[in-house]
Structures are given as C-alpha cells and as structure tokens.
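Asks: Following this message is one structure expressed as structure tokens.
Numbering (the numbering used here), first residue to last: 34 to 686.
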C-alpha cells in the first residue's frame, strides 16, 4: 500500500483524507489532522464491547470530539493526531496505517476516494469534550429507540462477547443459566449500545414487539412477556423488532433462551425467517458465545436444524458463519466456534445422507469461499481440523484462485518460522553439531567428492531436524491447549453436577413426585371449578338476554314455522359456547390468574345476582358458590322450549 492509495472526501461538510485498511475506512481530518480513534481500534481487530471499553477508559479521558449523526462512516470519537499515532502504536497497527500517518499535505489535493466524490449529508452533531466523561442514566424511551436502531450486543454484526473468565466465575457461583447469558453478551453489549453513537431508526413496532424488545435488551429488569405463554390471535411471532430485520426468534436463539425459543415456535415463529441480510436465527446463534457458555447449543440444534441448509444474501450457510466468527482474535470466540462446529458436524452426519452432507459442508458463497476456506484464511486450526476430519474438500478454489489448502500451508509455514522450540535439542545446538560434524568429516574423508557431498547433505539434514523439532513443538503446544480446554470443561461439568446433587439431596425424588402429583390434582380441581364458574356466569347472562328479548317482542303466527330450526341452531351455538368456555379455562390456567383474581371475584358476584359479595368469596367453598349460581339460573334451553310449548298451545286454540 502506498501514498497514492490515499483519497480525499467530504463527510458532513468536513474535508478528510481517507484510506481503506483491512476493508475499514480510515480518516484524517484535513483542517487539523485529527484521527478517528474508533476506526483505529477497528483496524486493530477489537470488537464493539472492547472498543467501547478502550474508548471510555483510555481515549475519552483526554481531549476528544464525539461525532454523532451525519454521515455514518464519519461518526466516532476523534482525537488529536499525536494521540492517534500513540494509539496506533500501542495496538500495533501503526505500520499498516503508515500511508495516512506519514502523508504530508500540500497545495495539491489527493484524488477523490474510491466510489464517491463528496458524501453529502446533513451536518454532523459534534460535542467537544475535554477531560473525563460523565455518564448519565439512559431514559427508558431512549433505550428502546437505541435498541431498535442498532439491534444489540446480541445481534449487531459488530458485537462480540465479554471475557470468558468472567463467565466461568459466574457459572461456578450459580446454576442460574439465564444470569450467565446476561453476563455473556448482554451486560457489556447493552452498555455498549447506551454509550455508543446511534442514528434513531424509523421502524414502527407493535406493543408486543416493544415488550419483547424491553425484555431482550434488559432481561434483568423486565421479565418474559406473559403473552408468549398464550399468544393472542393478533400476535405475529415473525414480526421484525429492530432496524436490522431481526425477529424475536433471532434474539431468543442468540441469547440461548430455550424456553422463549420454544414459546415462539409454538406461536408460529419460522426458523427460516431471515433478517435484512437473510440471516436465519441459526446463523446469528453461532456468531456469539452465549450458547457455548450455557452449553445449550445441542438443544438449539434440535430447534433450528431445519434451517441449516439455508444461505444468506452472500450465499453463506451456518457453517460459513461459524468460520466467520473466528476473525475476532478473542480466545473465547475460537473455543465457541470449535464447539459449534463439532456439535453441528456430528449432528448432521447422523441426520443427513452422505451426498447432502457433502454438498452442505463444501457449499461455496458468492466469493467462492467454503467454510473451510474461511477458517483456513483466519488461521484457526482448531476449526479447519474439525472440517477436514469430516472430509471437507481443501482444494476448492475461490474467485481469487486460492484454496483452503494454500492458506493452511502458508499458515503452517509461518508458524514454523516464528515458533520457539521447547524440545530438548535446541536449533542452536543443531547448528553447533553441524559445524563440528562438518569439520570432523573433512578430516575423515580423503575423496573430494565424498567431502563435497557430505558438506552439501549435512546442512539439509540439520534443517530437516529443525523443521521436525518445530513441528513437534507446534503439535505439543496444540495438545497442551486441548488438554487445558478439556480440563476446564471437566471442571465446569463437575461443578454443575455437584450443584444438581445438592439440589436433589435437598429435594428427594419421592418428595418431588408427591409435589408434582399434588400440584396436578390441584390444577384439575381448579380447572373444573373455573369451568363451572364461567359456565354458570354465562348461563345467567344469557337468561337475562332471553328475558329482555321476550319482553320486547311478540311472536307472530308466521314465525312459528322457523322455530324448530332456530332451536336446533341455538343448541349448536350452545355446544360451541361450551367449547369456547373450555378454551378460556385452558388459557386462564396456562397464563395464571394473578392480578385478574379480583375481576373474577366481581364476575362471580354479579353472576350470583349480588347474593355473594366479592370480599366473601375466599371464605366460601366452591360447592356453595355453585349452589348459589344454580339457584339463580333455571337453564336457557328449558326456557326456550317452554316458550315453544306456549306458542304451540296458542296454535291449537
């Protein structure tokens, strides 16, 4: 990359120098040479939570400008040139940023930056801040707008995960898996939303979606919406709830909330539903560590496996997305990617035919890359080894004419060059042995040809021994890492097993069975009682309607011929009403009575004709309530039939 790759542009009416590094636009303001710290951290490979923490703890304590709104690429935290150079040096990206760092502005402007001349937009909102930043609480309304506009720690394409070590400590402290999920992506991620720049979106969402969004963005404050247990008829489980097109199933799956996933699927959520990039919930799951930390991925596979064959707008499958997640340098990402890959490969080999599996694992995206190509390009051996073990093809060429095998070979070669040896025979010792042996051999042989051949072959043998030692070291280090990971997983499993043992000791199986049996019996009794109460209250209401109708109308002779048909229709409607009553009882039983109990007390009191005050219902047995209601209700069908007899008698007269 040379100085000629620098272009000029205007963003939000501010002239800048611009260069693209690793696919990321890097800018330097022409008026004062200030640099965009957010862009520097992106080039350094930090994900969004990490960038946010660095900006807050290191960058924003000094002189800086925070730009919000305006043209998207220009947004971020701007800092003086000297501080930008210091930041780039600190995070080891100064070398690749050298063209824009060393550029000297002259009278002649550089050529326009690629793909645009001037990016016109409304002026950016700038806030000049000097010294430490004071954080203020974020209003609830602003929180929701932010979450809609830039989805979340869980779903935004820039998001990653909190420290894996924090998660380990949380896991050992409590068996509550929901809490672990919150600590994983949400605790840092939601904070990142509140503190980062955003452009409010224009998405209009329903009340249902808003409640879900509240829950997903702040699950510690908001509980799961009750309507998920018994979805109302107008609830659309596939509705978009943020500006990136994610549905509730995308969020719940990525967060590892198995119960919410089950409720959403029961409500009609489509596992194939994609966001604006046509990414399915399964693809968003593997982009984050939640289901790895919670060890819920096997259950998620069972729920979402039907969408494994789907590709997004870029032709990428869930396998591609697993490999893409390894582009971040975080160790937790690589561990999670390997876990996801192994689990998914193992499941699919058991549920797919050989031909289907082969086609899926070697599927090429629009750039011609397979999942193996991506993993190899990212240099993640743990992932590419898993794919190779399941016979992924390493020789498929992408549109750049490169294969996974080429990336693997290059990675192995570079690793051999930089890896220090830990073997008993150090390369320096090999050099000394080579020098000594060559001297001694020259004295042993009289033939010039023998001496020349020996001098030629011995260095090659020494080099081969060096390579062998390096390869052994590399393999040894990998095995050590595998053992450490296995020991960590084993320790976590032992901790969880111990928690379950304690729980079982405190709650014996016999006692639990008895509790379940008692609860089941109570549920049956309550459902029966509720059915009778609703049935009687409706009967009383219908009786009153009949009385009013009879008093306000007189039956004519010509209406009698239709009476039999009307009675039949009425009986059918009564049966349909009873069926609906049973549905109401089931829904009430599933969702729980809770705060509606007072409404039911009033309803029973009204149905009894006021004979039972609402406040006395708790002290009255169900049988007494039923008796009171029965005395107030003589039966609707009986009344109609009696009315029919009166009409027929009138005809006989």
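A virtual CB, placed ideally from N, CA and C, is assigned to each residue, including glycine. Values in this document were obtained by computation on a predicted structure and should not be read as measured data.
Would you list the one or two residues that DSSP bridges to residue 111?
Replies: Answer by DSSP bridge pairing, in chain order: 69, 98.
Asks: With DSSP collapsed to three states, give me the class of residue 40.
Replies: Three-state DSSP puts residue 40 in a strand.
Asks: Under 8 Å by Cβ, that's how I've got residue 44 and residue 106 pegged, so tell me the actual separation to the nearest angstrom.
Replies: The beta-carbon distance between residue 44 and residue 106, rounded to whole angstroms, is 6 Å. This is short enough to meet the 8 Å contact definition.
Asks: In the DSSP assignment, find the beta strand (DSSP E) that holds residue 51 and state where it starts and stops.
Replies: 47-54
Asks: Please classify residue 209 as buried or exposed, where buried requires at least 16 neighbouring CB atoms within 10 angstroms.
Replies: Any reading at residue 209 must be qualified, since the residue scores a pLDDT of 35, below 50, and its modelled position is unreliable; the value itself is stated next. Residue 209 should be labelled exposed.
Asks: Taking the alpha-carbon of residue 138 as reference, which of 108, 49, 436, 407 has the nearest alpha-carbon?
Replies: 49
Asks: How far does the alpha helix (DSSP H) with residue 137 in it reach, from first residue to last?
Replies: From DSSP, residue 137 is part of no alpha helix (DSSP H); its letter is neither H nor E.
Asks: If you follow the alpha helix (DSSP H) that residue 266 is in, where does it begin and where does it stop?
Replies: Going by DSSP, residue 266 is part of no alpha helix (DSSP H) at all; its letter is neither H nor E.
Asks: Quick check: what's the CA-CA separation for residue 342 versus residue 371?
Replies: 19 Å
Asks: Where DSSP assigns a beta bridge to residue 601, which residues make up the other side?
Replies: Note: residue 601 sits in no beta bridge, so no partner.
Asks: Which class does residue 441 belong to by DSSP, given the choice of helix, strand or coil?
Replies: helix
Asks: Measuring straight from C-alpha to C-alpha, what distance separates residue 407 and residue 259?
Replies: 42 Å
Asks: Take the Cβ of residue 321 as the centre, count every other Cβ of all protein chains shown within 10 Å, and call the residue buried at 16 or more, exposed below.
Replies: buried
Asks: Kindly indicate the opening and closing residues of the beta strand (DSSP E) around residue 58.
Replies: 57-62
Asks: Should residue 52 be labelled buried (16 or more other beta-carbon atoms within 10 Å of its own) or exposed?
Replies: buried
Asks: Which residue wins for smallest C-alpha separation from residue 330, given the options 73, 486, 315?
Replies: 315
Asks: State yes or no: is the C-beta of residue 378 within less than 8 Å of the C-beta of residue 325?
Replies: no
Asks: Looking at the strands, I want to know which residues DSSP matches up with residue 273.
Replies: According to the DSSP secondary-structure assignment, residue 273 is paired through a beta bridge with 280.
Asks: Measure from the alpha carbon of residue 252 to the alpha carbon of each residue in 288, 110, 402, then state which is nearest.
Replies: 288
Asks: Determine the DSSP secondary structure at residue 242, reduced to helix, strand or coil.
Replies: helix
Asks: Residue 379 lies in the alpha helix (DSSP H); which residues open and close that run?
Replies: Element bounds for residue 379: 364-384.
Asks: Under DSSP, the alpha helix (DSSP H) around residue 83 begins and ends at which residues?
Replies: 81-87
Asks: Can you tell me the Cα-Cα spacing of residue 134 and residue 87, whole angstroms?
Replies: 21 Å
Asks: Just to confirm, is the Cβ distance from residue 309 to residue 348 under 8 Å?
Replies: For residue 309 and residue 348, no; Cβs fall outside 8 Å.
Asks: What first and last residue would you give for the alpha helix (DSSP H) that runs through residue 354?
Replies: 351-357
Asks: Report the start-end ranges of each beta strand (DSSP E) in the stretch 276-355 that is 3 residues or longer and not cut off at the edges.
Replies: none
Asks: CB-CB under 6 Å to residue 261, same chain, minus the five flanking residues each way: which ones, in chain order?
Replies: Result list for residue 261: 296, in chain order.
Asks: Taking all protein chains shown into account, decide if residue 579 is buried (16 or more other Cβ within 10 angstroms of its Cβ) or exposed.
Replies: exposed
Asks: For residue 255, name the three-state secondary structure that DSSP assigns.
Replies: coil
Asks: Around the C-beta of residue 602, are 16 or more other C-beta atoms found within 10 angstroms, so that it is buried, or is it exposed?
Replies: With fewer than 16 Cβ atoms within 10 Å of its Cβ, residue 602 is classed as exposed.
Asks: DSSP state of residue 431, grouped into three classes?
Replies: coil
Asks: Using C-beta distances below 6 Å, list every residue in its chain close to residue 121, excluding the 5 sequence neighbours before and after it, in chain order.
Replies: 73, 127, 130
Asks: Quick check on DSSP: helix, strand or coil for residue 512?
Replies: Reduced to three states, the DSSP call for residue 512 is helix.
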